[in-house]
Structures are given as C-alpha cells and as structure tokens.
Amino acid sequence: MQTALRTALPETELASQANFAPHARVVREERLAQTSGLPLTIRGLRKSFGDNEVLRGIDLHIPAGQFVAIVGKSGCGKSTLLRLIAGLDKIDAGSISFGQDVKPEDIRVMFQEPRLLPWARVLANVEVGLGRDRASQDADARAERALTEVGLADKRHQWPSVLSGGQKQRVALARALVSRPRVLALDEPLGALDALTRISMQRLLERVWRDQGFTAILVTHDVAEAVALADRVLVIEEGRIAHDVVVHAGRPRARGSVELAGLESSILSHLLSADDRT
Amino acid sequence: MSLIDSISRPRAVRLPRIDGLIQWIVPLAIIAIWQLASVTGFVPTRVLPAPSDVVLSGWKLLLSGELVRNIWVSFWRASIGFLIGGSIGFAFGLANGLSQLSAKLTDTTLQMVRNVPHLALIPLVILWFGIDESAKLFLVALGVFFPIYLNTLHGIRTVDPQLIEMGRIYGMTDGELFRRVIFPGALPSIFVGIRFALGIMWLTLIVAETIAASSGLGYMAMQAREFMLIDVVVLSILIYALLGKLADSASRVLERLTLSWHPAFQKR
Ligand SMILES: Nc1ncnc2c1ncn2[C@@H]1O[C@H](COP(=O)(O)OP(=O)(O)O)[C@@H](O)[C@H]1O
Ligand SMILES: [Mg+2]
Chain A
1 MQTALRTALP
11 ETELASQANF
21 APHARVVREE
31 RLAQTSGLPL
41 TIRGLRKSFG
51 DNEVLRGIDL
61 HIPAGQFVAI
71 VGKSGCGKST
81 LLRLIAGLDK
91 IDAGSISFGQ
101 DVKPEDIRVM
111 FQEPRLLPWA
121 RVLANVEVGL
131 GRDRASQDAD
141 ARAERALTEV
151 GLADKRHQWP
161 SVLSGGQKQR
171 VALARALVSR
181 PRVLALDEPL
191 GALDALTRIS
201 MQRLLERVWR
211 DQGFTAILVT
221 HDVAEAVALA
231 DRVLVIEEGR
241 IAHDVVVHAG
251 RPRARGSVEL
261 AGLESSILSH
271 LLSADDRT
Chain B
1 MSLIDSISRP
11 RAVRLPRIDG
21 LIQWIVPLAI
31 IAIWQLASVT
41 GFVPTRVLPA
51 PSDVVLSGWK
61 LLLSGELVRN
71 IWVSFWRASI
81 GFLIGGSIGF
91 AFGLANGLSQ
101 LSAKLTDTTL
111 QMVRNVPHLA
121 LIPLVILWFG
131 IDESAKLFLV
141 ALGVFFPIYL
151 NTLHGIRTVD
161 PQLIEMGRIY
171 GMTDGELFRR
181 VIFPGALPSI
191 FVGIRFALGI
201 MWLTLIVAET
211 IAASSGLGYM
221 AMQAREFMLI
231 DVVVLSILIY
241 ALLGKLADSA
251 SRVLERLTLS
261 WHPAFQKR
C-alpha cells in the first residue's frame, strides 16, 4: 500500500515522530519558517470520567503550524482530548505543553454549535473573541478585519438569528481568529452543515490556516474532510492514538484525487476493522 | 397574506395603524350593543347602567377631582408595591440562580410560602397593619414577589450552558459574564414574570382596597355600592380594566425595546 500508516506507540520516541516522508518534510519546513503557530507536546495524557477511562495514555507531538485531523469512532474521546488541549477540562495524568508560556488568547476553540450571543450583533460577537482587548480602541477595526477574512463584512450589523448555519459558523470562526491565535482547536465545526456549505467552509478553513499559520487541530467524523485538509491524520482507538497517518498530497488539494481517495479508504478500513473487533 | 402566515407571525411584529385599530373593534362593538340594550330598556339600568350614564358619572367625578385622586392613590399603591415586591423577587431570583448555596438556603422555604394564597393573609395583614397604606403595599408586594422570583430564577437557570462556557473561554470576568450572557439570556423569562406580576398586582389591589381602605378605586366602588350608585361601580371596574391594559402595554413596549434581538420581535 502506498499510504504511510504508522503506529504511534507510547515507546516511540517523540523526537523521531518527525520522521515524515521527504516531501512532507519540505512542505512542513517551508511552513515552519513563516508560522505563528505553537508546537504541542502531549505525554502520557490520561482522562477518566468516573469509571469510564476515556484517554489511556496519549503521546503526541505536533510541530508548529501543522494541520492535524483527529478521527475515531463516536465516543472514543476526540472531544475530550480537544477540550484538554484547549484547557477546558482538568488533566488526570500526563502533560500538555506548548513549549512556552501561553496567553489565553493564543489558543482558541471552535465547536459544532456556533455559540454566538443571540442578543449581540455580528460585529459585537466577533469582538468577544478579543478577550481582554475588547475595550481597546481598535477593537472595531480588528473585528471588521476578521469578518472580512471570512467574507461577512456586510453582515456586521445583523443579529445572528438572521444568518444561515454556515454564516453563523463563519462568524464563530472570525471570533476565534480575531485575537490571532497560535493554536486553533476545532471540534467538528462543520458537522452540522450541508454538503455544499461544508466544502466551502473547508476551503475557507484551509485558506485562513495558510494565511495565518496557526497550528490547527481538527476533530472530524468525516475522513474525507480529514484527508482533504490535514497534513496528518490521527486515529484514536481505545483511548490511544492507534494510527498516525501522514498526508503527502500538496496544496491546494484536488478533492477526490486517487491519492486522497486511497488514503481515505485505508483510514476508513482501520476504523471499521476496529469496529469488527469489538 | 395567508391565514397560516398570519398565525405564525408573532403579533408584536406589526404594531402600527391597522393592527392597532383591529383590536378595538370588538370592545367598541360590545359598548355599542350595550348602549342599545339600555336605551331600548332590554337591560334595566338598575342592573347595568348605560355606557352613556357611566361616562357621565365619570365626568362628574372627574370635575370634582375625586376620580383623579382615587386613581392616583391606586396607581401609587400599585407601583410602589410592585417595585418593592419585584425588586425583592428579582434579587432572590438572581441570588438563587447564581449561587447554589443561596438556593439551598432559601428556595425550599420560598416554595413553601408560595403555596399560601397571599390573599388568604388579608385578615392577618389587617390585624398587623390596620387599614393603613402598608397593608396594601405588603399584599401587592407579596403577590408580585413570586412570579418575578420564579421566572428570574428559571431564566437564569436555563441560560445555555454552552454560551456560558464560551464566555469563560473568551476570558469574560464574572461581571461581564453576567452582563453580557446571563442577564440577557434570562431577560425573556423575566418579562414573562413581569407580565404575570402585573396581573396579580391589580387583582391584589382591587381586593385589598375593597376590603380594607379609605381611598382608592376599590374604596370608591365600595362607597358607591353603599349608596346604590351602580354607574360608579361599573366605572370603577372599567377603569381597573383600562389600567391593567395600560400596564400590560407598557411592559410589551419595554419588552420590544430590550428584546429586539429576539427572532419573535424582528421585522421581516
Ligand atoms: N463531562 C463528561 N462527564 C462524563 N462522561 C463524559 C463527559 N464528557 C465525555 N464523557 C464520556 O467520555 C467518552 C468520550 O466522549 P467524547 O470525547 O465526547 O467522544 P467523541 O469522540 O465522540 O467526541 C464518552 O463515553 C462520553 O460519554
Ligand atoms: Mg465529540
């Protein structure tokens, strides 16, 4: 098989995790030079809810500016992992480090629900994303710039309730990006959108990621989406990273190319075979 | 506009001219029929005076200054009682909605007190306060307290927890979180409480003034009954209805102004 399936077992040395195929390395290093992203190192991460041991030792290194997708069966702990990375829940054991001290504004999260304030206009909703800079003089200008980036500048005075699902999610993206985060964690952000809106949102996501160079961690149940967007796809099974797949295809990617389709079906077969075993 | 369309469309959407007039057609028709029935002797004026007689007696009372004075007294009692009961209810609603400790401490007690019909306290209140102003204020405040308390509490408890989490993620302080997320989220429910409370406010006041007062609309009606002035009795009842409607309209206007973000209040 031409796909590069690797198993990231705990004994794998973190340093050697960067042994991508030459092509991927070139792409990555080119990005590294201009990235604003933060690298992410996770060691021995565990998390349980009561008796339910959800994460049983995650070891992972994500280089700065990489676009990582996380896939896995429903309930396997993807959201849990993402929430731990974003600092929303407490870690039971292990560590997550970004290689330096981070400010809250450096790490942003996006969810499947846009979570906009219905009683605030679009622009005010984006300004929420500025965190403590909300009151600063250039807040409006920054929020408008972020709205322009997602193509919604003309909606800035609207109430969220008049926007479509895709537009709401774009406002949520603008809110997440307005503080120029260095890590963006996304929990199935396109899960509730229709197929066409999804594809245009994927393009938008890829574009802002290339423009801004943050480290992107995308949880998705759509394997096609994962291989279309990510540099690397992680498969979570039984609380561990069972597969760590590098996507070599260059960008911009041709959707539905033979290469991506092959990768997609091989990842899917892994997900399904895990299903057969249980 | 189809029928379905007009039903699904919230009534707050088009207040101007036509809709504003339509709602008065039925009351006006009733008054016209009533007048006709009285003039033709179909309804004896001992039972129900003609609208024209009611208006006439209203005019006389207006000239004597008695009407304005009594309306003013009742209005004053209603507002002060509402403000006192409403603020206390709001404060308890906030406290119990925001603090587990406070809720554990007081909610059960309040729920128990709620099951006592506040009008049942009238004999006790008269013993305590006589027919003093404080008796009426106490009863109105007590009646208003519960709808405001319950709906404020409910509003705060049902604010979308995902929005609260969002606020925290984006670094809102507790104060900001309250001002920007929790309070606006609870506001629609608080307005439901206010509308309920306004109804209870008038009801309480009528009963209290009828039983224990020496001024006010309820007292005016009772006096008129003593002297068999049925037109004044009917006048008092109509003024109560009018004031109730006025209070309701005022709360609707306030609602429309503060909830303009709400889909139900948006112009298409
Ligand atoms: N706050 C919580 N309390 C208890 N159990 C939880 C909580 N969050 C998640 N879980 C459990 O953890 C497991 C993983 O959930 P999650 O990370 O949301 O999965 P998914 O991969 O679908 O995003 C599930 O079994 C879920 O029931
Ligand atoms: Mg999930």
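Just so you know, the protein sequences line up as chains A and B, in that order.
With full-length UniProt numbering applied, the first sequence corresponds to residues 1 to 278, in that order.
With full-length UniProt numbering applied, the second sequence corresponds to residues 1 to 268, in that order.
Beta carbons: idealized from backbone N, C-alpha and C, even for Gly.
Model, not experiment: these values are computed from the prediction.
Notebook entry, point to check: Do the CB positions of A185 (chain A) and A69 (chain A) come within less than 8 angstroms of each other?
Noted result: No, they are not a contact pair.
Notebook entry, point to check: Helix, strand or coil for S36 (chain A) per DSSP?
Noted result: Three-state result, S36 (chain A): coil.
Note to self: I need the straight-line Cα distance from E259 (chain A) to A249 (chain A), nearest angstrom please.
What the structure shows: Going from the Cα of E259 (chain A) to the Cα of A249 (chain A) covers about 7 angstroms.
Note to self: Quick check on the contact list: which residues have their beta carbon closer than 5 angstroms to a heavy atom of ligand 1?
What the structure shows: Every residue whose Cβ sits closer than 5 angstroms to any heavy atom of ligand 1 is listed here in chain order: A:F49, A:V54, A:S74, A:G75, A:C76, A:G77, A:K78, A:S79 and A:T80.
Next item on the list: Between the Cα of L147 (chain A) and those of A:A120, A:L177 and A:R83, spot the shortest distance and give me the residue it belongs to.
Entry: The residue with the shortest Cα to Cα distance from L147 (chain A) is A:L177.
Margin query: Rounded to whole angstroms, what is the Cα-Cα separation between R115 (chain A) and A213 (chain B)?
Written below: When rounded, the distance between both Cα atoms is 53 angstroms.
Notebook entry, point to check: Does the beta carbon of P184 (chain B) come closer than 8 angstroms to any beta carbon on chain A?
Noted result: Taking 8 angstroms as the CB threshold, P184 (chain B) lines the interface with chain A.
Next item on the list: My understanding is that residue 269 (chain B) touches I148 (chain B), with C-beta atoms under 8 angstroms, so please give their C-beta distance in whole angstroms.
Entry: Examination of residue 269 (chain B) is not possible in this model, given that chain B is present from 1 through 268 alone.
Notebook entry, point to check: Can D51 (chain A) be considered in contact with ligand 2, in the sense that its beta carbon sits closer than 7 angstroms to one or more heavy atoms?
Noted result: No; taking the cut-off as 7 angstroms, the Cβ of D51 (chain A) has no heavy atom of ligand 2 nearer than that.
Next item on the list: Take S52 (chain B) as the anchor and find which of B:Y240, B:F75, B:D231 and B:I18 has the nearest alpha-carbon.
Entry: Measuring from the Cα of S52 (chain B), the nearest candidate turns out to be B:D231.
Next item on the list: Confirm the yes/no value for this check: CB of E188 (chain A), any heavy atom of ligand 2, distance under 7 angstroms.
Entry: Checking the Cβ of E188 (chain A) against ligand 2 gives yes.
Check: Roughly how many angstroms separate the alpha carbons of D222 (chain A) and P63 (chain A), rounded to a whole number?
Finding: Roughly 23 angstroms between the two C-alpha positions.
Next item on the list: List the residues of chain B whose Cβ lies closer than 9 angstroms to the Cβ of W209 (chain A), in chain order.
Entry: None at all; the shortest Cβ gap to chain B is about 20 angstroms.
Notebook entry, point to check: In terms of residue numbering, what span does the alpha helix (DSSP H) encompassing R108 (chain A) cover?
Noted result: Careful: R108 (chain A) lies outside any alpha helix (DSSP H), inside the beta strand (DSSP E) at I107 to M110.
Note to self: Once DSSP output is grouped into helix, strand and coil, what is the label at E66 (chain B)?
What the structure shows: In the structure shown, the three-state DSSP call for E66 (chain B) is helix.
Margin query: Can you look up G81 (chain B) in the DSSP assignment and give me helix, strand or coil?
Written below: Here G81 (chain B) sits in helix by DSSP.
Note to self: Residues in the same chain with beta-carbon distance under 7 angstroms from A261 (chain A), minus the five sequence neighbours each way, listed in chain order, please.
What the structure shows: Hits under 7 angstroms: none found.
Next item on the list: Locate the alpha helix (DSSP H) running through L187 (chain A), then write down its first and last residues.
Entry: Note on residue identity: the sequence assigns Asp, not Leu, to residue 187 (chain A). If you look at D187 (chain A), you'll find it isn't in any alpha helix (DSSP H); it sits in the beta strand (DSSP E) that goes V183 to D187.
Next item on the list: Please name the residue in A:S136, A:D106, A:L268 and A:R170 whose C-alpha comes closest to that of E237 (chain A).
Entry: Taking only the C-alpha atoms, the option nearest E237 (chain A) is A:L268.
Item checked: Complete runs of the alpha helix (DSSP H) confined to the region 131-202 of chain A [at least 4 residues] -> Counting only runs of 4 or more, we get 139-149 and 165-177.
Next item on the list: Please state whether DSSP places F67 (chain A) in a helix, a strand or coil.
Entry: Looking at F67 (chain A) - three-state DSSP - the assignment turns out to be strand.
Checklist line | Interface flag, Q162 (chain B) vs chain A, CB-CB below 8 angstroms | finding: Among the residues facing chain A, Q162 (chain B) is included, as its CB has a counterpart in that chain under 8 angstroms away.
Notebook entry, point to check: Got a sec? Which residues, its chain only, sit under 6 angstroms from M201 (chain B) by beta carbon, not counting five neighbours each side?
Noted result: So the qualifying residues of the chain are A78, F82, V140 and V144.
Check: Under 8 angstroms between the Cβ atoms of A186 (chain B) and I164 (chain B)?
Finding: The criterion of a C-beta distance shorter than 8 angstroms is not satisfied by A186 (chain B) and I164 (chain B).
Margin query: I'd like to know if the region 181-197 of chain A and the region 227-241 of chain A are in contact, where contact means that at least 3 CB-CB pairs between them fall below 8 angstroms.
Written below: They do not touch, by the three-pair rule.
Note to self: Distance cutoff 8 angstroms, beta carbons only. Does S189 (chain B) sit that close to anything in chain A?
What the structure shows: Taking 8 angstroms as the threshold, the shortest C-beta distance from S189 (chain B) to chain A does not fall below it.
Next item on the list: Determine the DSSP secondary structure at H61 (chain A), reduced to helix, strand or coil.
Entry: Here H61 (chain A) sits in strand by DSSP.
Next item on the list: Compare the C-beta of E53 (chain A) against all C-beta atoms of chain B and say whether one is closer than 8 angstroms.
Entry: False, the Cβ-Cβ gap to chain B never drops below 8 angstroms.
Next item on the list: Give a yes or no on contact between the region 116-127 of chain A and the region 149-167 of chain A, applying the rule of three or more CB pairs nearer than 8 angstroms.
Entry: Three or more Cβ pairs closer than 8 angstroms define a contact, and the region 116-127 of chain A meets that threshold against the region 149-167 of chain A.
Margin query: Can you give me the C-alpha to C-alpha distance between A266 (chain A) and G72 (chain A), rounded to a whole angstrom?
Written below: Position check: residue 266 (chain A) holds Ser in this sequence, whereas Ala was assumed. Computed Cα separation, rounded: 13 angstroms.
Next item on the list: Examine the Cβ distances between the region 135-142 of chain A and the region 160-173 of chain A and report whether three or more of them are shorter than 8 angstroms.
Entry: Flag = no, the region 135-142 of chain A and the region 160-173 of chain A do not touch.
Note to self: Using DSSP's beta-bridge definition, name the partner residues of L55 (chain A).
What the structure shows: By DSSP's assignment, L55 (chain A) forms a beta bridge with A:K47.
Check: Around the C-beta of T45 (chain B), are 16 or more other C-beta atoms found within 10 angstroms, so that it is buried, or is it exposed?
Finding: Counting C-beta atoms within 10 angstroms of its own C-beta, T45 (chain B) has fewer than 16 neighbours from the protein chains shown and is therefore classed as exposed.
Checklist line | Contact set between the region 88-106 of chain A and chain B, restricted to residues whose Cβ is under 9 angstroms from the partner | finding: Of all residues in the region 88-106 of chain A, the ones placed with a Cβ closer than 9 angstroms to any Cβ belonging to chain B are L88, P104 and E105, in chain order.
Notebook entry, point to check: With 8 angstroms set as the bound, which would you pick, yes or no: does the beta-carbon of Y170 (chain B) sit closer than that to a beta-carbon of chain A?
Noted result: Judged by the 8 angstroms Cβ criterion, Y170 (chain B) is in contact with chain A.
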